[in-house]
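Comments concern the structure below.
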Amino acid sequence: GPDLSVTNTQAHLTQLQSIANANGGNRGTGRPGYAASVSWVKGKLDAAGWTTTVQSFSTSSGTSSNLIAEWPAGDPNHVVMLGGHLDSVANGAGINDNGSGSAGVLEAALAYAASGQTAKNRVRVAFWGAEELGLLGSKHYMSTLPTADKDRIEAYLNVDMIGSPNPGYFVYNDNPAGNGARDELTSWYASKGIPWEYIDVQGRSDHAAFRSYGIPTAGIFSGAESLKTSSQAQKWGGTAGRAFDPCYHSSCDTTSNINVTALDRGVDVIGHMLWLYAAKDFGTAPQPG
Ligand code: PHE
Ligand code: ZN
Ligand code: ZN
Ligand code: ZN
Numbered sequence: 020g021p022d023l024s025v026t027n028t029q030a031h032l033t034q035l036q037s038i039a040n041a042n043g044g045n046r047g048t049g050r051p052g053y054a055a056s057v058s059w060v061k062g063k064l065d066a067a068g069w070t071t072t073v074q075s076f077s078t079s080s081g082t083s084s085n086l087i088a089e090w091p092a093g094d095p096n097h098v099v100m101l102g103g104h105l106d107s108v109a110n111g112a113g114i115n116d117n118g119s120g121s122a123g124v125l126e127a128a129l130a131y132a133a134s135g136q137t138a139k140n141r142v143r144v145a146f147w148g149a150e151e152l153g154l155l156g157s158k159h160y161m162s163t164l165p166t167a168d169k170d171r172i173e174a175y176l177n178v179d180m181i182g183s184p185n186p187g188y189f190v191y192n193d194n195p196a197g198n199g200a201r202d203e204l205t206s207w208y209a210s211k212g213i214p215w216e217y218i219d220v221q222g223r224s225d226h227a228a229f230r231s232y233g234i235p236t237a238g239i240f241s242g243a244e245s246l247k248t249s250s251q252a253q254k255w256g257g258t259a260g261r262a263f264d265p266c267y268h269s270s271c272d273t274t275s276n277i278n279v280t281a282l283d284r285g286v287d288v289i290g291h292m293l294w295l296y297a298a299k300d301f302g303t304a305p306q307p308g
């Protein structure tokens, strides 16, 4: 895969911050900052040649939506998915949580389009709504997707918080069974000389609905409210005894709340996984019916 541009990714975060600033300081469910985030990301993907769909659903805080985009090439019987939530909490702009993951998925999707890919598998990217209200968008997507379509999804990679200001490099370990994606992630970190740790995220993000259905899931994470230990600070730098993200779910989760090295590594590993999985041989197509 390519070395994706962290500069472009930072520009996407600046755009999401501007959207929050223009809409009462947040991009929360049922608020105008969420709708504006969806229409901005959709516009970028449409212009790059992705086929986009907006799936609306209702929540106790108003209407939300998932933005789903598919690259119009590759075998539709073998779908590889990548996504993260686009909503923030009501308290702030949500730039690390999860502007960072949204910007990383967006940049990978734009680079994939620009490279003129006609890869083997069908690539689909998702920007979930209402994660902060209980993973509502990803649950809605999976609960309304026909069984035959669920069975075509070969893997789902989740990206939720990759630019934490006091970062760690965590790889989800809550779905290890038959899961080459987890091992591809750890191999990438090892090949770059970046120490990594497994984390059991206890279903705390949008991969949970995919995992529950039995789809291989994996994910990356730079840490939220828990404190960096001294041994973690020794291997990763940063500050021991301080949260990975001291602004988690707070109004200070702005563009100042991003570690650019962590963001760069995050977007690079997303790109690596997208290119790898787009070309992966999954064997015989499932035969619906
Ligand atoms: N999903 C959590 C949130 O958005 C953050 C989180 C991500 C926690 C990944 C654990 C693992 O607030
Ligand atoms: Zn890079
Ligand atoms: Zn959150
Ligand atoms: Zn999150």
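Adding 19 to a residue's 1-based position in the sequence shown gives its number in mature numbering (1 follows the signal peptide of the UniProt record, and there is no 0).
Note that beta-carbon positions come from the ideal geometry of N, C-alpha and C, so glycine has one too.
Continuous beta strand (DSSP E) stretch holding residue i: start and end
i: D22; result: Per DSSP, D22 belongs to no beta strand (DSSP E) and is neither H nor E.
i: S270; result: Run containing S270: none; DSSP gives neither H nor E here.
i: F189; result: 189 to 191
i: S134; result: Premise fails: S134 is in no beta strand (DSSP E) and is neither H nor E.
Cutoff 7 Å; reference residue i; Cβ partners in own chain excluding five residues on either side
i: T36; result: For the record, residue 36 in the displayed sequence is Gln; it is not Thr. Counting only Cβ-Cβ distances below 7 Å, and skipping sequence neighbours, we find A112, I114, T273, T274.
i: L295; result: G20, E203
i: L64; result: T71, A88, A128
i: D287; result: D22, L23
With 16 other Cβ atoms within 10 Å as the buried cut-off, status of residue i
i: R141; result: buried
i: I289; result: buried
i: Q253; result: exposed
i: D300; result: exposed
i: Q29; result: buried
i: D264; result: buried
i: S245; result: exposed
i: P91; result: exposed
i: T70; result: exposed
i: S58; result: exposed
i: D202; result: exposed
i: Q221; result: exposed
i: N165; result: The amino acid occupying residue 165 in the given sequence is Pro; Asn does not appear at that position. When all chains shown are included, P165 counts as exposed.
i: V279; result: exposed
Extent of the continuous alpha helix (DSSP H) run through residue i
i: S241; result: Premise fails: S241 is in no alpha helix (DSSP H) and is neither H nor E.
i: E150; result: Where E150 is concerned, there is no enclosing alpha helix (DSSP H), given that its DSSP letter is neither H nor E.
i: M292; result: 279 to 298
Sequence-distant residues of the same chain with beta carbon closer than 6 Å to residue i, five excluded per side
i: T303; result: none
Close beta carbons around residue i, own chain, < 8 Å, minus the five adjacent residues each side
i: K169; result: M161, Y232, I234
Distance cut-off 8 Å: residue i Cβ against heavy atoms of ligand 5
i: G153; result: As presented, the structure is devoid of ligand 5, carrying ligand 1, ligand 2, ligand 3 and ligand 4 as its sole ligands.
### Task
State whether the region 133 to 152 contacts the region 38 to 45, with contact taken as three or more CB pairs (one from each stretch) at a distance under 8 Å.
Contact fails: fewer than three Cβ-Cβ distances are below 8 Å.
### Task
Check whether the region 156 to 163 touches the region 115 to 127, taking contact to mean three or more Cβ pairs, one atom from each stretch, closer than 8 Å.
The count of Cβ pairs closer than 8 Å, one atom from the region 156 to 163 and one from the region 115 to 127, stays below three, leaving the stretches out of contact.
### Message
I need the residues with a C-beta less than 5 Å from some heavy atom of ligand 4; please give them in chain order.
### Response
With 5 Å as the limit, the residues whose C-beta approaches a heavy atom of ligand 4 more closely than that are D116, N117, D179, in chain order.
### Query
Would you say the region 233 to 244 touches the region 180 to 199, given that touching needs at least three Cβ pairs under 8 Å?
Counting C-beta pairs with one atom in each stretch, the region 233 to 244 and the region 180 to 199 have three or more that are closer than 8 Å, which means they touch.
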